[in-house]
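Trainee:
Chains as they are written, first to last, in this note's numbering: chain A, 50 to 401; chain B, 50 to 401.
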């Protein structure tokens, strides 16, 4: 064994996801999952599924799911692209659209996978600094570039950007594709979907992992001009003809149909979020204005890392980023009222 | 709308998969699916699955499935990588290992996705010509290269290469990763798995889509030296942390456990294959020696395209490749005995 092939291995620094403890009784507030199960019909349909047909390839066009999403978001099926979670959709978008020699632009504090994909595909990029209030500066995205990606609301800051600011960026960049990553938009903020018929360079990316309670199914999608979707499908077809498996197509499609349940769970999460924020403020936390299913908080006296460690010792998982500018903050996903009550109780005892 | 972003779109010529007619009564012998359903326990387990937990992210390490595969193939879990079908595993392998300036080598007649991935990732490549009997020439892969990928048995030729020839290629190329794509190996030929503990540059790729009757679930895997798997996981972790959804992990793992059913269905397919070959030879077909669940056939008098079209008109789908050297051949997947009887009957009437 000489391991001489190693010199041609692609060098990467992988994204580090939040811990996924696979067993034990933990309160898991670290990966922004939804505390409520998928729509009730999903469970019924899963039991009725004909597993004999799993022997066949799934529909490579994923027609059923694209049709359901097009119907729900009032666009044409030709405006919809689906993938294995929004990570797959975003990675494919980077590969498809970001081939300029000019740098791709995104904030210095945002979903850290953007930097990982740019490195993976050897795409030049510049990370534009947020302002001191952790807000995106619109003018930073009105300079020459090879593409733009903005999470709105942003993560882990939880802050939403007004739609008029997003539109300024999209309209100023007709030579670039502008990706708006709306993973959390169902919990607050204004969606850019209303602009996709106006701008051919705007791609809006969404996920089933947060508001739709289906992180375990791996479903994401993008909505944009038909030409953007065609380009994405061409590259996707050069990577893997069949990315979406049968259960994802069938159960994902079903889950979209129960809009009352969807809105009810979002309403509950938003209410729990506001109660949690109020309680934490009384404990001495400063909390950024959240439009998401998580909050980003810093304490006036106790270091974030200390709180993180002590919570973890008591089987409560939140997210801590050991990174400049945000290393005294905690990102806390919103769970059920019961989970947040337990969290607040432990938090109070840690701060005492 | 100016569509000015189009100049930076990655240019690709996508792979064209076999047709997937989504409705109607057809006999589908065009994408090498298994005519038998997944193992019976898969259906039972699917009905019992707790869909409430789909709200959570799946295990990013896919421990359960890697453990089951390691156990079955008598390797360590650290020797196993899993992905969304072997297409995902192969694409990720190209991206991870083929970063030399020297060309990657593969046959001129083989799985046509190899060329598509090389183009997608801008990897230089040379397609080595098969000999006039459609066999791979070992010496063609003992020249300087940046990587090698060989389907064994090869597709669409169905011909297996002796293991001693594979070993000559692996041992001659310690500076390159040699990928042996064994999508069809369960139907014939000698697996290179016996060599993975001997050569650190050998990666064996397999799929659940053919012999394991799970094309609809999208599961593929690779087995190789721990360092190869580590490199693959690093790149995979830079692309998408969670590629395998919960149903794939749970049902995929279960399906491997019923080895008696697995071997029984393979035995039936091989028997049906041999009967089909014998019947077609009597009709005037020449057929390459098949070690797969499909056959590659040419008729002494009637052009392949004509047979393909007439079968299709009668709702029997086989595969025709309009490509140099093989444009008078048909690739016919092996279905059930009933399907092949119907196919042979139509074939006889077409040839009359």
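Even glycine gets a Cβ: it sits at the ideal position worked out from N, Cα and C.
Decide if residue 322 of chain B is buried, meaning its Cβ has at least 16 other Cβ atoms within 10 Å, or exposed.
Mentor: For residue 322 of chain B, the number of other beta carbons within 10 angstroms of its own is at least 16, and it is reported as buried.
Trainee: Are the segment 337–351 of chain A and the segment 234–244 of chain A touching by the rule of at least three beta carbon pairs closer than 8 Å?
Mentor: The segment 337–351 of chain A, when compared against the segment 234–244 of chain A, does touch it at the 8 Å Cβ threshold.
Trainee: Here's a check: name, in chain order, each residue in its chain whose Cβ is nearer than 6 Å to the Cβ of residue 285 of chain A, leaving out the five neighbours to either side.
Mentor: 141
Trainee: Which runs of the beta strand (DSSP E) spanning at least 3 residues fall entirely within the segment 363–395 of chain A, listed in chain order?
Mentor: 379–382
Trainee: If contacts are defined as beta-carbon pairs under 8 Å, then residue 229 of chain B and residue 199 of chain B qualify, I think. What distance do you get, rounded to the angstrom?
Mentor: That pair is a contact at about 6 Å.
Trainee: Tell me the rounded alpha-carbon separation between residue 273 of chain B and residue 250 of chain B.
Mentor: 8 Å
Trainee: Consult DSSP for residue 185 of chain B and reduce its assignment to one of helix, strand or coil.
Mentor: coil
Trainee: Counting only beta-carbon separations shorter than 8 Å, does residue 70 of chain B have a partner in chain A?
Mentor: No, no contact with chain A.
Trainee: Does the segment 353–363 of chain A touch the segment 251–262 of chain A, meaning 3 or more C-beta pairs lie closer than 8 Å?
Mentor: no
Trainee: Who are the Cβ neighbours of residue 377 of chain A in its own chain at under 7 Å, not counting the five residues just before and after it?
Mentor: 347, 352 and 353
Trainee: From the DSSP output, which residues share a beta bridge with residue 200 of chain A?
Mentor: The partner list for residue 200 of chain A (beta bridge, DSSP) reads A:230.
Trainee: What are the boundary residues of the alpha helix (DSSP H) that residue 297 of chain A is part of?
Mentor: 295–306
Trainee: Measure the alpha-carbon distance for residue 97 of chain A versus residue 150 of chain B and round it to whole angstroms.
Mentor: 52 Å
Trainee: Quick check: the Cα distance between residue 227 of chain A and residue 277 of chain B, rounded to an integer number of angstroms?
Mentor: Our two residues, residue 227 of chain A and residue 277 of chain B, have alpha carbons roughly 36 Å apart in a direct line.
Trainee: Give the single residue among A:397, A:52 and A:399 whose Cα lies nearest to the Cα of residue 223 of chain B.
Mentor: A:52
Trainee: From residue 114 of chain A to residue 260 of chain A, what distance separates their C-alpha atoms?
Mentor: 17 Å
Trainee: What does residue 223 of chain B touch in chain A if you count any residue whose Cβ is under 9 Å from its own?
Mentor: 50, 51, 52, 53 and 54
Trainee: Please state whether DSSP places residue 77 of chain A in a helix, a strand or coil.
Mentor: strand
Trainee: Given this structure, state the Cα-to-Cα distance separating residue 221 of chain B from residue 242 of chain B, to the nearest angstrom.
Mentor: 18 Å
Trainee: Quick one: which residues of the segment 127–152 of chain A get their C-beta closer than 8 Å to a C-beta of chain B? List them in chain order.
Mentor: 133, 134, 136, 137, 140, 144, 145, 146, 147, 148 and 149
Trainee: If we cut at 8 Å on Cβ distances, does residue 284 of chain A have a partner in chain B?
Mentor: Any Cβ of chain B closer than 8 Å to the Cβ of residue 284 of chain A would place that residue at the interface, and such an atom is present.
Trainee: Taking Cβ positions only, does residue 398 of chain A come closer than 8 Å to chain B?
Mentor: no
Trainee: May I ask you to verify whether the segment 148–164 of chain A touches the segment 196–215 of chain A, counting CB pairs closer than 8 Å and requiring at least 3?
Mentor: yes
Trainee: Figure out for me which residue from B:119, B:186, B:135 and B:134 has the closest Cα to the Cα of residue 128 of chain B.
Mentor: It is B:119 whose Cα lies nearest to the Cα of residue 128 of chain B.
Trainee: Closer than 7 Å, Cβ to Cβ, to anything on chain B: give me those residues from the segment 285–297 of chain A, in chain order.
Mentor: 286, 287, 288, 289, 290, 291, 292, 294, 295, 296 and 297
Trainee: Below 8 Å between beta carbons: does that hold for residue 194 of chain A and residue 225 of chain A?
Mentor: yes
Trainee: Could you compute how far the alpha carbon of residue 109 of chain B sits from the alpha carbon of residue 67 of chain A?
Mentor: 10 Å
Trainee: Could you tell me how far apart the beta carbons of residue 313 of chain A and residue 90 of chain A are, in whole angstroms, since I believe they sit closer than 8 Å?
Mentor: Not really, about 14 Å apart at Cβ, beyond 8 Å.
Trainee: Taking the runs of the alpha helix (DSSP H) that are 4 residues or longer, which of them lie wholly in the segment 60–131 of chain A?
Mentor: Listed in chain order, the complete alpha helix (DSSP H) runs (minimum 4 residues) inside the segment 60–131 of chain A are 89–97 and 112–122.
Trainee: Quick one: grab the DSSP three-state call for residue 325 of chain B.
Mentor: helix
Trainee: So which of B:281, B:86, B:78 and B:121 has the shortest CA-CA distance to residue 130 of chain B?
Mentor: Of B:281, B:86, B:78 and B:121, the smallest CA-CA separation from residue 130 of chain B is found for B:281.
Trainee: Using beta-carbon positions only, say whether residue 134 of chain B and residue 292 of chain B come within less than 8 Å of one another.
Mentor: no
Trainee: Just the C-alpha distance for residue 268 of chain A and residue 257 of chain A, rounded to the nearest angstrom, thanks.
Mentor: 5 Å
Trainee: Determine the DSSP secondary structure at residue 404 of chain B, reduced to helix, strand or coil.
Mentor: Residue numbering for chain B in the displayed model covers 50 to 401; residue 404 of chain B lies beyond these limits and cannot be assessed.
Trainee: Starting from residue 100 of chain A, find everything on chain B with Cβ-Cβ shorter than 8 Å and list it in chain order.
Mentor: 86, 87, 91, 92, 95 and 300
Trainee: What residues of chain A sit near residue 245 of chain B, judged by a beta carbon separation below 7 Å?
Mentor: Those do not exist, as residue 245 of chain B stays about 11 Å from chain A at its closest Cβ, beyond 7 Å.
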